[in-house]
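Residue numbers (the working numbering): 112 to 506.
Heads up, the beta-carbon is just placed ideally off N, CA and C, and yes, glycines get one too.
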Ligand SMILES: Cc1cc2nc3c(=O)[nH]c(=O)nc-3n(C[C@H](O)[C@H](O)[C@H](O)COP(=O)(O)OP(=O)(O)OC[C@H]3O[C@@H](n4cnc5c(N)ncnc54)[C@H](O)[C@@H]3O)c2cc1C
Ligand code: SF4
Ligand code: SF4
């Protein structure tokens with residue numbers, strides 16, 4: 112509950128700029144809370160006159176858990192194509208939905224994206240909620256979170272899975288805060304508690320040193336983000352059938368931020384999270400200019416360039432290449448770790464790779480514990496040999 116205590120309000124307008132939702136208006140020197148207030152509480156401390164009376168109702172949403180049914184996946188798309196993390200979430204969502212005996216649905220927002228619906232169904236969805244509009248061509252925090260929230264309020268899913276991508280990480284907290292529910296970021300394991308039917312959301316905690324299982328017992332929906340490449344997609348089945356629902360929604364106009372153009376990062380020749388082969392360099396490369404060896408091997412193999420945080424922090428390479436706990440999670444067929452020690456935070460982002468090839472001059476480096484093949488030696492000498500040999504063999 113939020114109320115303006117009219118007798119205390121002096122109309123100073125200090126609170127207006129603190130509201131992220133533009134939900135306070137001051138007219139005739141008195142503030143008033145608008146209908147789009149999300150009860151986030153951000154404005155309360157801005158009022159020096161104690162004119163904002165805010166009482167969070169912790170029981171909100173508690174009473175009606177049983178009215179929430181179904182598992183939802185956010186159908187993130189770029190250039191009208193659903194991103195790979197969506198198929199991975201559908202694979203995991205299918206298991207959860209089957210355990211709960213409820214439908215699995217995808218929310219697909221964009222422009223001219225209807226063509227993706229059958230593919231989503233083939234990857235496990237029972238239903239696709241499709242919202243198309245020319246203003247929704249590119250992801251936009253304001254409009255996407257508004258529409259997503261409208262749909263959740265109407266259809267009441269019990270679980271929502273969102274990719275922990277740049278867009279997903281922006282959308283998920285906005286939606287969860289509007290719905291006054293919990294959100295667990297970067298989950299690595301999802302299971303249903305057979306007794307309570309709660310979602311058990313497991314994620315690394317304390318720098319990856321222990322795993323925490325988090326539940327959201329009193330609020331719905333239960334929301335999780337999952338990084339790309341953490342879950343496995345199902346094999347697509349073109350014969351699967353499902354329904355496409357076009358719900359009526361209010362398309363937000365008058366947005367604060369408009370996306371005028373989307374440009375791809377110039378250095379991003381191959382998408383790291385989707386690459387089959389990644390060649391990563393660490394501090395053992397000795398100097399930023401030696402990263403040309405990493406780039407050359409990646410180019411010969413048609414792979415992407417990765418990096419440890421030490422090299423990103425040193426300014427040798429852009430953050431978009433960082434692999435690990437605070438970078439990207441990858442799961443390529445082959446991962447080359449060149450001059451990378453194998454700190455737990457780096458392993459957190461790449462240890463699910465099918466084959467790991469480590470080059471390190473220290474035979475006791477921890478990276479060798481997870482490596483499929485290890486080359487003990489100077490990366491500056493080994494890499495030119497590998498480049499020469501792969502060039503010769505691959506033409
Ligand atoms: C909260 C937190 C989050 C973090 N997130 C990440 C993350 O997302 N990603 C990440 O990578 N790190 C992360 N880190 C940092 C991590 O702990 C390590 O510090 C970092 O991974 C080390 O990078 P490195 O292996 O390149 O460097 P170093 O640890 O310095 O290792 C260099 C390696 O190169 C070898 N070497 C040296 N010279 C040569 C040579 N000529 N040829 C071959 N080998 C050579 C050395 O033997 C050594 O093993 C995080 C840390 C914290 C605390
Ligand atoms: S900051 Fe307080 S006193 Fe000033 S307009 Fe807002 S509610 Fe009124
Ligand atoms: S509680 Fe949050 S959304 Fe509501 S008026 Fe205050 S800052 Fe704005």
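On the premise that residue 482 lies in contact with residue 396, defined as a C-beta separation below 8 Å, what is that separation, rounded to the nearest angstrom?
The Cβ separation is near 17 Å, so there is no contact.
Output yes or no for whether 8 Å exceeds the beta carbon distance between residue 467 and residue 454.
Cβ atoms of residue 467 and residue 454: not closer than 8 Å.
At the level of alpha carbons, what is the spacing between residue 472 and residue 277?
Cα to Cα, the separation comes out at about 36 Å.
Between residue 281 and residue 424, what straight-line distance do the alpha-carbon atoms span, to the nearest angstrom?
Approximately 24 Å, taken between the alpha carbons.
With a threshold of 16 other CB atoms inside 10 Å of the CB of residue 495, please say whether the residue is buried or exposed.
Exposed, by the Cβ-count rule.
Identify, in the order they occur along the chain, each residue of the same chain with its Cβ nearer than 7 Å to the Cβ of residue 154, setting aside the five sequence neighbours on each side.
Closer than 7 Å at the Cβ level, and outside the excluded window around residue 154, lie 126, 129, 130, 135 and 163.
I'd like to confirm something about residue 452: is its beta-carbon nearer than 7 Å to some heavy atom of ligand 1, or not?
Indeed, a heavy atom of ligand 1 lies less than 7 Å from the Cβ.
In chain order, what residues of the same chain lie with their CB nearer than 8 Å to the CB of residue 284, ignoring the 5 residues before and after it?
So the qualifying residues of the chain are 294.
Any contact between the stretch 292–307 and the stretch 357–366? By contact I mean 3 or more CB pairs, one from each, below 8 Å.
In short, these stretches do not touch, since the Cβ pair count stays below three.
Considering only their Cβ atoms, is the gap separating residue 279 from residue 336 smaller than 8 Å?
A contact, by the Cβ cut-off of 8 Å.
Residue 443 to residue 160, Cα distance in whole Å?
If I take the Cα positions, the gap works out to 57 Å.
Report, in whole angstroms, the separation of the C-beta atoms of residue 202 and residue 343, which I expect to be a contact under 8 Å.
5 Å between Cβ atoms; contact.
Give the DSSP-derived three-state secondary structure of residue 147 in the structure shown.
Looking at residue 147 - three-state DSSP - the assignment turns out to be coil, as it is neither helix nor strand.
Would you say the beta carbon of residue 434 is closer than 7 Å to some non-hydrogen atom of ligand 1?
True, at least one ligand heavy atom lies under 7 Å from that Cβ.
Quick one: measure Cβ to Cβ for residue 487 and residue 474, integer angstroms, because I've assumed they're closer than 8 Å.
That pair is a contact at about 5 Å.
Let me check understanding here. Comparing Cα to Cα, which of 372, 405 and 352 lies closest to residue 250?
Minimum Cα distance to residue 250 is reached at 372.
Distance, Cα to Cα, residue 158 vs residue 147?
Approximately 20 Å between the Cα atoms of the pair.
Quick one, which of 391, 116 and 410 has its alpha-carbon nearest residue 417's?
Of the candidates 391, 116 and 410, the one whose C-alpha sits nearest the C-alpha of residue 417 is 391.
Residues around ligand 2, please: the condition is that the C-beta lies closer than 6 Å to some non-hydrogen atom of it.
Cβ-based neighbours of ligand 2 within the cut-off: 115, 120, 121, 122, 123, 124, 125, 126, 137, 142, 157, 158, 160, 162 and 163.
Could you check whether the Cβ of residue 511 sits closer than 7 Å to any heavy atom belonging to ligand 1?
Any question about residue 511 goes unanswered here, given that the chain covers just 112 to 506.
Using a threshold of 7 Å, is the CB atom of residue 455 nearer than that to any non-hydrogen atom of ligand 5?
What this structure holds is ligand 1, ligand 2 and ligand 3, not ligand 5.
Apart from the five residues on each side of it in sequence, which residues of its chain come closer than 7 Å, Cβ to Cβ, to residue 94?
Lying outside 112 to 506, the shown extent of the chain, residue 94 is not represented and no answer is given.
How about residue 436 and residue 459: are their beta carbons less than 8 Å apart?
In contact: residue 436 and residue 459 (Cβ atoms closer than 8 Å).
Beta strand (DSSP E) containing residue 165: first to last residue?
That run of the beta strand (DSSP E) goes 163–165.
Quick check on residue 405: buried or exposed, where buried means 16 or more other Cβ atoms within 10 Å of its Cβ?
So residue 405 counts as buried.
Give me the Cβ distance between residue 385 and residue 195, rounded to the nearest whole Å; I'm assuming they're in contact under 8 Å.
With a Cβ gap of about 6 Å, residue 385 and residue 195 count as contacting.
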